[in-house]
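Down below is the structure, laid out as structure tokens.
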Amino acid sequence: MIAGQLAYWRQELADLPEVVSLPADRARPPVPSYRGDAVDMHLDPRLWAGIKALAAAHNATASMVLQAAMVVVLHRAGVGEDVTMGTPIAGRMDAALDELVGFFVNTWVLRVGVRPAHRFSDVLEQVRQKALDAYTNQDVPFERLVEQLNPVRSTAHHPLFQVALAFQNNVRPEVALDGLSVEPLAVDSRTAKFDLDVDLREVPSDDPAAPMAAGVVTYATDLYERATIERFVTWFTRVIEAVVADASVVVGDLALLDRDERDLVLSRWSGAGVGAPAGVAPELLDAAVAADPDAVAIVDRARSLSYRELDTWSTRLARVLIEAGVGPNARWAWRWAGPRNSWWRGGRCRKPAACMCRWIPLTRSSGSRRCWTPSARCAC
Numbered sequence: 561m562i563a564g565q566l567a568y569w570r571q572e573l574a575d576l577p578e579v580v581s582l583p584a585d586r587a588r589p590p591v592p593s594y595r596g597d598a599v600d601m602h603l604d605p606r607l608w609a610g611i612k613a614l615a616a617a618h619n620a621t622a623s624m625v626l627q628a629a630m631v632v633v634l635h636r637a638g639v640g641e642d643v644t645m646g647t648p649i650a651g652r653m654d655a656a657l658d659e660l661v662g663f664f665v666n667t668w669v670l671r672v673g674v675r676p677a678h679r680f681s682d683v684l685e686q687v688r689q690k691a692l693d694a695y696t697n698q699d700v701p702f703e704r705l706v707e708q709l710n711p712v713r714s715t716a717h718h719p720l721f722q723v724a725l726a727f728q729n730n731v732r733p734e735v736a737l738d739g740l741s742v743e744p745l746a747v748d749s750r751t752a753k754f755d756l757d758v759d760l761r762e763v764p765s766d767d768p769a770a771p772m773a774a775g776v777v778t779y780a781t782d783l784y785e786r787a788t789i790e791r792f793v794t795w796f797t798r799v800i801e802a803v804v805a806d807a808s809v810v811v812g813d814l815a816l817l818d819r820d821e822r823d824l825v826l827s828r829w830s831g832a833g834v835g836a837p838a839g840v841a842p843e844l845l846d847a848a849v850a851a852d853p854d855a856v857a858i859v860d861r862a863r864s865l866s867y868r869e870l871d872t873w874s875t876r877l878a879r880v881l882i883e884a885g886v887g888p889n890a891r892w893a894w895r896w897a898g899p900r901n902s903w904w905r906g907g908r909c910r911k912p913a914a915c916m917c918r919w920i921p922l923t924r925s926s927g928s929r930r931c932w933t934p935s936a937r938c939a940c
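The numbering of the sequence shown is our numbering, which starts it at 561 and goes up by one.
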């Protein structure tokens, strides 16, 4: 049985992106501190009733609607068209386990392909089918799944997924003690297991006949400012409201930003009417390092560099060039190793003693490590 389920997961998670997460405010540290914070999230009775009605109309569950909405938010926020997230599952497939005390929870990975031309109903149907398939293949422990799939190992992020969503649909047990009143209290652990972790459950509202959903979004403070997660909660709620109103809405037409936010992006953040800063690239980089060394300078697929790291790498390159004898008007060549490397390799060649040098990028297809022009000096 396990062998067949492993075969399903190998196919389902083949060529999985290394990192799929909400764009961060800061560069990802090599080793996370696991420090976290949380932002409250509420879906009022009207919206929660709409979610359940939408789920019923598509033979789905409220959890599937939430997952589909989360996929759309991440896609619209810029993570790409291959979206993944982790979801816990009770792990009590046998009715004999219902009353047994113990921890059986497992984690499965939801992977959804989404494009701007898709309708939300298409995304929901895909989530529904993926969830049903996952329920059928839920016996593989997550730890064994990681071992068998053997993804790129990194201390910087969680394997297979970095964003999680959980909807608790179990009824909270009532605790009754003679002569005492008991009230459950939420515990804020101030830790974050994932980049982003949405945890919701159905709770009573002021109207006993109209429940609502409430919970928290826990986030890694290594990566995000609180304002960013508050904005994410607003986006999530906004998308849910839109799809509840019209499940056939096109994903590309779903707006995360309101009018004021859109004006901010298009007018102030676009740089329209703002002159370029004076100075050469090394001076501007030095100023950026002094102002906020941990701010994100470059994002390349799953990786990012802070201004401090960019300065360190480019300084290292300048020293290599100088030691190789590269001086004014010298030519040098390097093999193109990707967008991120091109920045620091091409940028700081203008540092002192290596200024005015000309560089000739070589692609991976060049094959040979030798410079392809007799007049070039190779310092790679």
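Where a beta carbon is used, it is the ideal one built from N, C-alpha and C, also for glycine.
Query: Taking the C-alpha atoms as reference points, what is the distance between L566 and Q722?; Result: 21 Å
Query: Determine whether the beta carbon atoms of I800 and A616 lie at a separation below 9 Å.; Result: no
Query: Taking the runs of the alpha helix (DSSP H) that are 4 residues or longer, which of them lie wholly in the stretch 792-846?; Result: 819-823
Query: Span of the alpha helix (DSSP H) holding G638?; Result: G638 -> no alpha helix (DSSP H), and no H or E assigned at all.
Query: Am I right that F702 and T667 are in contact with their C-beta atoms under 8 Å? What's the rounded C-beta distance?; Result: 4 Å
Query: How long is the line joining the alpha carbons of W873 and D854, rounded to whole angstroms?; Result: 14 Å
Query: Residues bridged to I649 by DSSP?; Result: N666
Query: Considering just the uninterrupted stretch of the beta strand (DSSP E) at T872, what are its terminal residues?; Result: Here T872 belongs to no beta strand (DSSP E); instead the alpha helix (DSSP H) covers 867-883.
Query: Measure the alpha-carbon distance for N697 versus A774 and round it to whole angstroms.; Result: 29 Å
Query: Closest by CA to A716, which one among V580, R588, V856?; Result: R588
Query: Within the same chain, show all residues whose beta-carbon is closer than 6 Å to that of D585, passing over the 5 residues directly before and after it, in chain order.; Result: Y784, E785, T788
Query: Quick one: give me the first and last residue of the alpha helix (DSSP H) that V687 is part of.; Result: 680-696
Query: Can you grab the Cα-Cα spacing for the pair L634 / L670, in whole Å?; Result: 13 Å
Query: Going by the DSSP bridge assignment, what does Q565 pair with across the sheet?; Result: According to DSSP, Q565 bridges with nothing at all.
Query: Please work out which residues of its chain come closer than 7 Å, Cβ to Cβ, to P764, disregarding the five sequence neighbours upstream and downstream, and give them in chain order.; Result: P771
Query: What do you get for P592, buried or exposed, if any count of 16 or more other CB atoms within 10 angstroms of its CB means buried?; Result: buried
Query: For the stretch 605-622 against the stretch 685-694, are there 3 or more C-beta pairs whose distance is under 8 Å?; Result: yes
Query: Hey, S623 and A691: beta-carbon distance below 9 Å or not?; Result: yes
Query: Is G564 buried or exposed, if buried means 16 or more other CB atoms sit within 10 Å of its CB?; Result: exposed
Query: Can you find the residues in the same chain that come closer than 6 Å, C-beta to C-beta, to S581, ignoring five residues on each side of it along the sequence?; Result: Q722, V723, D755
Query: Quick one: residues in its chain with C-beta nearer than 6 Å to the C-beta of M561, no 5 flanking neighbours on either side, listed in chain order?; Result: none
Query: Using 9 Å as the limit for Cβ to Cβ distance, is V886 near chain C?; Result: Chain labels in this structure do not include chain C; a single protein chain is all it has.
Query: Keeping to the same chain, check which residues put their C-beta closer than 8 Å to that of L603; ignore five residues upstream and five downstream.; Result: I611, L760, M772, A773, A774, T797, I800
Query: Which first and last residues belong to the beta strand (DSSP E) in which A855 is found?; Result: Unbroken run through A855: none, as it is neither H nor E.
Query: Hey, would you say V793 sits closer than 9 Å to M645, going by beta carbons?; Result: no
Query: Does the distance from the C-beta atom of V810 to that of A677 stay below 9 Å?; Result: yes
Query: If S681 sits next to A807, beta carbons under 8 Å apart, how far is it from one beta carbon to the other, in whole angstroms?; Result: 5 Å
Query: By Cβ distance, which residues of its chain are closer than 6 Å to T778, with the 5 residues on each side in sequence left out?; Result: G596, A598, A752, D757
Query: Could you give the residue range of the beta strand (DSSP E) that holds V776?; Result: 772-780
Query: Which stretch, first to last residue, makes up the beta strand (DSSP E) that contains Q728?; Result: 723-728
Query: Distance check for W795 and R819, CA to CA, integer angstroms please.; Result: 13 Å
Query: Using three-state DSSP, classify V625 as helix, strand or coil.; Result: helix
Query: Report the rounded CA-to-CA distance for N710 versus A802, giving the unit in angstroms.; Result: 39 Å
Query: Starting from L756 and walking both ways along the beta strand (DSSP E), at which residues does that stretch end?; Result: 756-763
Query: Expressed to the nearest angstrom, what Euclidean distance is found between the alpha-carbon atoms of I858 and R868?; Result: 11 Å
Query: Among all the DSSP beta bridges, which residues are the ones paired with H602?; Result: A774
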